[in-house]
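First the structure, in the form of structure tokens, and then the observations on it.
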Amino acid sequence: AAATDAAARKLAADHAAIREAYAREQAAAAPPAPPAAPLVQGVDDEWADWRGCICGGSYYGEMVGCDGHCDNWFHFACVGLTRLPRGEWLCQDCKNKPKKKKQKVEEPPPPPPQKKKRENPAHSKHERKDREQLEALVERAKPLKFVGGRAPSDHTCSGAGFCSLDPSIFAPLQQLHANIVAALRRGKLLQSWEGKGKDVRERGFAFLPPTMIPVWDRARLEKGGLRFGAAQKEGQDFLNDEEANWKSSFHLFPRDVSPEARTALHALIELVKQRVDDKYKDYVSLENLIALQPNLHNDAKHLPPHLDFPMHDGFGVVIVTIQMAGPQSVIALLKGADSDFDVTVEKEKERCWTFSLNVGDCYILSGDARNVCDHGVLCVGGGRRSHKVDAARESLNLRFGLHTPAFADEEVYWQFPSFSSTLQAAAQASHNGEAPASKGRRRRR
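Mapping of the sequence shown onto the UniProt record's numbering: residues 1 to 445, in sequence order.
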């Protein structure tokens, strides 16, 4: 058997040698192969750099392409596959390559949402128009000349007075003003002139301590017929404004009014008495000083012309205004008209008079200047005692005396028949919590 196997192997080897020799002869006798055709861009070049399978063989049969970076193709049998794998397949070289960590690029955080910029009410279109009108009015107005601190008795603005206070009087009053403003801010009592959020100008009301004078309080003022809301408001708006004004009012403590301030108040009263007619002198006294009203203009550079209505938040038979801080101001007195203030009407310009006011100066309104003329304020620049030209204007109103309904009718409301007929009703309504209707047409406060 062994001999038979050996003979078979020898025979097979001989046959193989014969086939190889035949193949060599055939190859030698065959004509030379034609040269390879040049590669055509876009057709054959995709295989030009192919390295081939790991076996070194040619591209034939079932093959799988590597999904890595080599782009090589491999025979199924050479890489141990029997079928096309699902998903991504990598050759051994690509598997062994260290993976490059993708550097995470942190995206910048989104910008915060832009808040809608709120317009400063002091720079609103309405405020700018008002100021431009007042500037035009002041430019064409005539100067008001005071004789002995008073406007001439035959002048349209009779009852207007002016005084430049001595530092010994002004300094204690300036400190009193600062004490009142500080108390209003501590208690968050400052109130916008035209209601919350509608006017940057702020104000409050302070009553002297009961230890100094007979007490002025809400009960006494309402009993006298005072309705503490703005005259141009009606219904619930009036009641809301009235309550807001009462909330911005308070009584000073005795310590808030220093002995120097009391002396200065007495001195100021004597100066004011010299600048009002005899019929008003009795109202100018410490006992009749109903309220001290600080006015903070903040960003506002003007105050439109208006008339202070008695029996409302413009109370006071005689009103004294002291400039406490801020730039030089121009006070405009405008003869009242039936329509709202409008300087486009030539006759309005012919009825206006102006004078300057600096820190430490005060002006007095009584008679026609208080009852018939509108008054406005325009900040124009620096002046004496105005060291901080850019400081906001501050003033202090001293309101002397309270009109009776009949006296208010005689002094002011004869110009407004609709008001005149409602004065007595307004006094009675103050006890019932009702808001009187108001139909006056001029600007008022």
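A virtual CB, placed ideally from N, CA and C, is assigned to each residue, including glycine.
According to DSSP, what are the bridge partners of His251?
Phe207
If you measure between the beta carbons of Cys157 and Ala369, is that distance less than 8 angstroms?
yes
In the structure shown, what three-state DSSP assignment does Asp45 receive?
Because Asp45 sits at a pLDDT of 48, beneath the cut-off of 50, its placement in the model cannot be relied upon, and the following sentence gives the value as read from the coordinates. Reduced to three states, the DSSP call for Asp45 is helix.
Helix, strand or coil at Trp246 according to DSSP, with G and I counted as helix
helix
For Asp299, is the classification buried or exposed, using 16 other Cβ atoms within 10 angstroms of its Cβ as the cut-off for buried?
exposed
Could you have a look at Ile18 and say whether DSSP puts it in helix, strand or coil?
helix
Hey, how far is the Cα of Val343 from the Cα of Asp374?
With a pLDDT of only 45 at Val343, under the threshold of 50, the placement of this residue in the model should not be trusted, and no figure is reported.
May I ask which residues mark the beginning and end of the beta strand (DSSP E) holding Pro304?
302-306
What is the rounded straight-line gap between the Cα of Gly316 and the Cα of Arg140?
30 angstroms
If you measure between the beta carbons of Cys78 and Cys53, is that distance less than 8 angstroms?
yes
Are the stretch 280-296 and the stretch 211-218 in contact at 8 angstroms, needing three or more beta carbon pairs?
yes
Skipping 5 residues on each side, what residues in its chain have a beta carbon closer than 6 angstroms to that of Asp241?
Gly229, Ala230, Lys233
Bridge-paired residues (DSSP) for Thr321
Tyr363, Asn397
DSSP beta-bridge partners for Gly65?
Trp73
Once DSSP output is grouped into helix, strand and coil, what is the label at Ala7?
helix
Identify which residue in Ser285, Leu144, Ala391 has its Cα closest to the Cα of Arg351.
Leu144
By DSSP, does Leu265 sit in helix, in strand, or in coil?
helix
Under a three-way DSSP split, which group does residue 455 fall into?
It is not possible to answer for residue 455, since the shown part of the chain is limited to 1 through 445.
As a quick exercise: from Arg227, Arg128, Met212, Leu189, pick the residue whose alpha carbon is nearest that of Ser248.
Leu189
Extent of the continuous alpha helix (DSSP H) to which Asn295 belongs
Note, Asn295: premise wrong, no alpha helix (DSSP H); beta strand (DSSP E) at 289-296.
Trp414 by DSSP, collapsed to three states: which one?
helix
Hey, would you say Pro85 sits closer than 8 angstroms to Val105, going by beta carbons?
no
Contact set for Ser366: own chain, Cβ-Cβ below 6 angstroms, skip 5 residues either direction
Gly159, Val276, Tyr280, Val318
If Asn397 and Asn295 are in contact, beta carbons under 8 angstroms, what's the gap, nearest whole angstrom?
6 angstroms
For Arg150, count the other beta carbons within 10 Å of its own beta carbon; 16 or more makes it buried, fewer makes it exposed. Which is it?
buried
Distance, Gln114 Cα to Ser153 Cα
60 angstroms
Quick one: using the 10 Å Cβ neighbour count with 16 as the cut-off for buried, is Asp14 buried or exposed?
exposed
Suppose contacts are defined by Cβ-Cβ distances below 8 angstroms. Is Leu165 in contact with Cys362 by that definition?
yes
Looking at the unbroken alpha helix (DSSP H) that takes in Cys373, where does it start and where does it end?
That residue, Cys373, is in no alpha helix (DSSP H); its beta strand (DSSP E) goes 373-381.
Within the continuous alpha helix (DSSP H) that includes Gln92, where are the two ends?
92-96
Which residues does DSSP pair with Arg150 in a beta bridge?
Val147, Gly161
Compute the beta-carbon to beta-carbon distance between His75 and Gly61, rounded to the nearest angstrom, for a pair I have assumed lies under 8 angstroms.
6 angstroms
Cα-Cα separation, Gly381 to His297:
15 angstroms
On the premise that Leu90 lies in contact with Asp67, defined as a C-beta separation below 8 angstroms, what is that separation, rounded to the nearest angstrom?
6 angstroms
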